[in-house]
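Protein chains in written order, with my numbering: chain A, 25 to 283; chain B, 25 to 283; chain C, 25 to 283; chain D, 151 to 393; chain E, 151 to 393; chain F, 151 to 393.
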């Protein structure tokens, strides 16, 4: 039996499980896979984290150095988020410059951090118009077991929470924590047939018509959303996803108290 | 009957018409298609124009901002002309960086403006060696109905003639017109068999062995020429094209008095 | 008989010759092909050389201009070496950005010059941290008859030895020779079957399992080495190559006394 | 312009609109000759052109799908479309906009009718004034219909946002620059959501109300899209019967 | 060098030439081993090498033409060929020069003899001194013949320009930099024009006279090209008969 | 850190090692789920991950070889792996490292068993501390074995260098930055050399002694590679027998 047929059968199986309110790995619809966050793993980086979410693994490194502010925000620090889907992490990823999917992931991670105001960028100004801190967040995906979005987002926040401004190195005062104000958490739901499941595995992603990422902050308000995929969602589905995502984010945020 | 054969028959038809001194759209050999020039259509641009030449349509936007002069011309403004043949405008254009044809078009439009001295670049100097005005001319081809060269060239001049130096915005005095000194007009002829026609349509371009663009200024002198295509021209043909192009340019230049 | 079979037969022939301690062009194993070095051939370059090594030909141009030093070496000049394998030089080279082989060649030539300390970079400092001389070494391969590595390396040194600092042109004093301290010479051996031959021709390169480049300086010490190719070398072979390469380099260095 | 003190005074926005009012919209169908379908759209200060080519052959070949057409969407901003000249060529933002816009339209196209072929959508923003991705989707949806691509529905898009702690429909440039949230939404004619993105800060309740506002705006745009297509087709039909 | 006060004194140009005189020219045929045909040319201070490969297989395949050979032309300036180091790699200028040069040569090649194949021409400028595109075409034309590519004619090229309101043949670098017009021309041996570009300012009469001057220059170059090829072939023939 | 006055005091290096001592090394086999084989390696301060995919289909097709598998090797440094952030993406250094690393491993792979297929090796450097190419080869060699690729031998790699005129094994970052020579070497288990590069200054005698030191270091690493693979396989076997 060919791989293609196997894979089609597997998809049908997952699809039919969803109808029966079951998942292939036995999880409930709102359950996440095991989540392990380690920080401070790269000592050349100002902040770093390794996130394992089931079979997915990402490493995030944060580098911080002085630079020139953007002309339209002369008194604010700069955040630059990069993510590549390198072929080490999956047989489906290709070499070369980041493509659509990688760019979308990076931009959603970036907006989650930026729009939630989780970093107080005005405190990253050294000299208005001249010198501000540039915060480079680099997400390195090592193993694609599904739901890279949440793993990347969690890794970015974990790395930032433990990052230090290397002020001494640049003769700009004493080292300090990054001015963090909030802990936005991304929660991704997938639509499989009519079922909505959280934290889709790679197998579930292959059958999901659409994914919806909802980023919420510590007050339980929304700081970012992104629909990804071609299947439409009804208003009811959308509202339901927002509700369970906010709830789940609170649960996951607890993890960060341990860091 | 396949498209390829249709298209071959169509080519033969146009070719044979030319022998009979006729054109497929009934024009005389020296006739241009209907020409409509609108200016000031993009209010974010310092100058803009839409040119419709028969079924060809281009939009030209001019952006002007302060910048650093080239080291070898420290007291002169800078003109930078771009043109892309985007796949919106024709099934034959491809995505990606500009190719040969687009680069050639941009460079000929650029030389027509530059070499005719139509802009007094020395008046675009703010502070010698430090700050000059940079004039970005961007040609956006929307519909390729043939003879993009002339449409682009006309659009560029129309946009420049109506452009304003945004001096106030940059705290460099009061807004002013660009220092225009001349109105170069590009006229393109095509060689179809032994016939020479002006303003070739897209169908005529497909059978033309070569195109010859002649840019002339308001004194009736030449300020640029470009042969494009593989068919050779005799000296007689070349001299004839120069004569009719200068004559036709005068006629077209009248259009600009209306702007 | 097809070209492919011819070429296979030719390879076998060369291979079998090597077993009999013979080479297809009659050379001894340690013999170089005829070497002709001309300098000063490009008057727009601050230094230049043409090297003909058998049927291989390279032109090297050295351009020197003031620039900013690297932050970690504020008081040292900068060497930048480029080499492209342009399709003019061989039917096997392709257009486009330099590939692996070209990058490797450029980096080995560069390291030979840099690591041997052949240029006293501290004498190329104009003003520490602000302005130093940038030395651009561009290797232009015109004909690939084999062993581009040694030809490029010889060409680079010849061009440097005859280069002038264009100080007057930049108002930085009087023109002077480059501060050269050593004449590193690259010698490349190829492993054909069990035989080790120097200066492989293009035909020999096609059958060689590996090439070993050894760069040595005027004291007879090593200033760079690079193994290139997949066939392993034994320690004995490696030590033998080092010995004969140092010996041969002395012989070749004599050539430079003639410049 | 720097941040205004107030965006809404006596229930009226700075540009004179009510909180749930769209900017003026004008569709022109079939404006290009070479494209199989096209649409020019002005939506507030946005000026966009959409062109559709296809179904047609796929290049490069390995992108073909054996059972459906592939849909490609290229969103591009002209360098002169914004206040500060934009560097020509694709960037990360246009790449993301192209992706979500494609996914906003793909579900309404009968892609299974054209295996091994491509449906190419090109959107050029000639003038930008907040909401260009919604404008692009609105124009592209009409251009697809103009090209005769079989579709289950039109797709209509607009954004809802928050300024002065108030939800407002179809943000203009200043409301977008200085506002508290921006949420572009695209829906089918049945109100199913094919695109939803959100930047900024919204409570869960604000989100739900905002989504209804956006859907209402989309429903109005849908009427305009339909009217523009009807006008084009009746004109064509007339032209034909006069021949 | 800054702009000289006068370019022509007593009918003599700054480099000692008369107004209608070419710079010294030297052709060497068959200078490369790997290429199928090659030519080294010095034309004034220009030093160029042209190589021809083909007819040969086309990569990538989709560029093949079923009824003719494709002709490709790549013009490149070495980074050290000019006063201020040129960044290596193609730029907009070299792209345009490559295109017009290809079109200058293509009409004389019997492309229909080699369907589905490619004829590749590479021109490297080692030293530049105004007129490099003409030099490249002259060398490439000879390299094509050296490669045994069947041709209807050689192609010869040179520029005419204007300095001090006077038409002059074959501009040198200063005349090009500070002159009033530059017009490179390429012609077949029958005088048919396969390349013509013009920058600057010429009256219609000046154009006509200038074109004749350029054609005259090309005719002289044609003689040198022919002589260089004859010398090469007679040498080869001699070598063969001695074997 | 600026250059230390002395690198070796009383025969002991600044990090406490003897001249011929390797840094601490830790291998973890099979750390990734998607890859066919993988290995995580810490070697001093270096942290690298290697993944192997294959034998698998070759894209693009024209890279296929009809009689053997092609081996591809991509070495990449994470932007955060070094003190000053590295620009993401390939550069000239990583291109050269990839090439020599591929050639270090290719001779031990039975490539003739898998005509028309590809064996892809990816090495990511998460933290760099001198000797990353050797670390990458050590990890890649184990990852190849973990992927079940038939091999004649493992390949082991380490560098020898010179500081304070003394040969030392396995340079750390400061010894590399301020040292007099750096020579990475890779050998098969029989001691045949598959990679050798040298930068800096060595006499011919130093070279010969250094090469022996490096081979001794490689032999020690080989034992660790073998042990790590044994541990993985016995664990897998145990897991299987427990099922």
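Even for Gly, the Cβ is constructed at its ideal location relative to N, Cα and C.
Every value quoted in this text rests on a predicted model; they were computed, and no experiment measured them.
Hey, how far is the Cα of residue i from the Cα of residue j?
i, j, result
"residue 240 of chain E", "residue 226 of chain E", "7 Å"
"residue 132 of chain C", "residue 248 of chain C", "8 Å"
"residue 216 of chain C", "residue 300 of chain F", "26 Å"
"residue 325 of chain F", "residue 212 of chain A", "47 Å"
"residue 156 of chain E", "residue 328 of chain E", "11 Å"
"residue 168 of chain D", "residue 312 of chain D", "13 Å"
"residue 25 of chain A", "residue 322 of chain D", "In this prediction, residue 25 of chain A has a pLDDT of 37, which is less than 50 and means its spatial position is unreliable; what the coordinates show is noted afterwards. Roughly 57 Å between the two C-alpha positions."
"residue 175 of chain E", "residue 139 of chain B", "30 Å"
"residue 334 of chain D", "residue 258 of chain A", "16 Å"
"residue 274 of chain E", "residue 200 of chain A", "56 Å"
"residue 78 of chain B", "residue 199 of chain D", "19 Å"
"residue 31 of chain B", "residue 235 of chain D", "41 Å"
"residue 254 of chain B", "residue 233 of chain B", "6 Å"
If residue i and residue j are in contact, beta carbons under 8 Å, what's the gap, nearest whole angstrom?
i, j, result
"residue 161 of chain C", "residue 183 of chain C", "7 Å"
"residue 317 of chain F", "residue 359 of chain F", "6 Å"
"residue 136 of chain B", "residue 80 of chain B", "That belief does not hold up - the Cβ atoms of residue 136 of chain B and residue 80 of chain B are roughly 17 Å apart, past 8 Å."
Start and end of the beta strand (DSSP E) containing residue i?
i, result
"residue 152 of chain D", "Where residue 152 of chain D is concerned, there is no enclosing beta strand (DSSP E), given that its DSSP letter is neither H nor E."
"residue 347 of chain E", "343 to 352"
"residue 178 of chain E", "175 to 179"
Is the CB-CB distance between residue i and residue j below 7 Å?
i, j, result
"residue 256 of chain C", "residue 344 of chain F", "yes"
"residue 238 of chain F", "residue 72 of chain A", "no"
"residue 375 of chain F", "residue 247 of chain F", "no"
"residue 83 of chain A", "residue 164 of chain A", "yes"
"residue 314 of chain B", "residue 201 of chain D", "It is not possible to answer for residue 314 of chain B, since the shown part of chain B is limited to 25 through 283."
"residue 150 of chain A", "residue 103 of chain A", "no"
"residue 284 of chain D", "residue 254 of chain D", "no"
"residue 166 of chain B", "residue 156 of chain B", "no"
"residue 9 of chain A", "residue 202 of chain A", "Because chain A in this structure spans residues 25 to 283, residue 9 of chain A falls outside the shown range and cannot be described."
"residue 194 of chain D", "residue 173 of chain D", "yes"
"residue 257 of chain D", "residue 217 of chain D", "no"
"residue 268 of chain C", "residue 236 of chain C", "no"
"residue 191 of chain E", "residue 331 of chain E", "no"
"residue 364 of chain F", "residue 336 of chain F", "no"
"residue 186 of chain F", "residue 268 of chain F", "no"
"residue 198 of chain B", "residue 191 of chain B", "yes"
Taking all protein chains shown into account, decide if residue i is buried (16 or more other Cβ within 10 angstroms of its Cβ) or exposed.
i, result
"residue 85 of chain C", "buried"
"residue 179 of chain A", "buried"
"residue 361 of chain E", "buried"
"residue 92 of chain A", "exposed"
"residue 373 of chain F", "exposed"
"residue 100 of chain C", "buried"
How far does the alpha helix (DSSP H) with residue i in it extend, from its first residue to its last?
i, result
"residue 172 of chain B", "172 to 185"
"residue 294 of chain D", "282 to 296"
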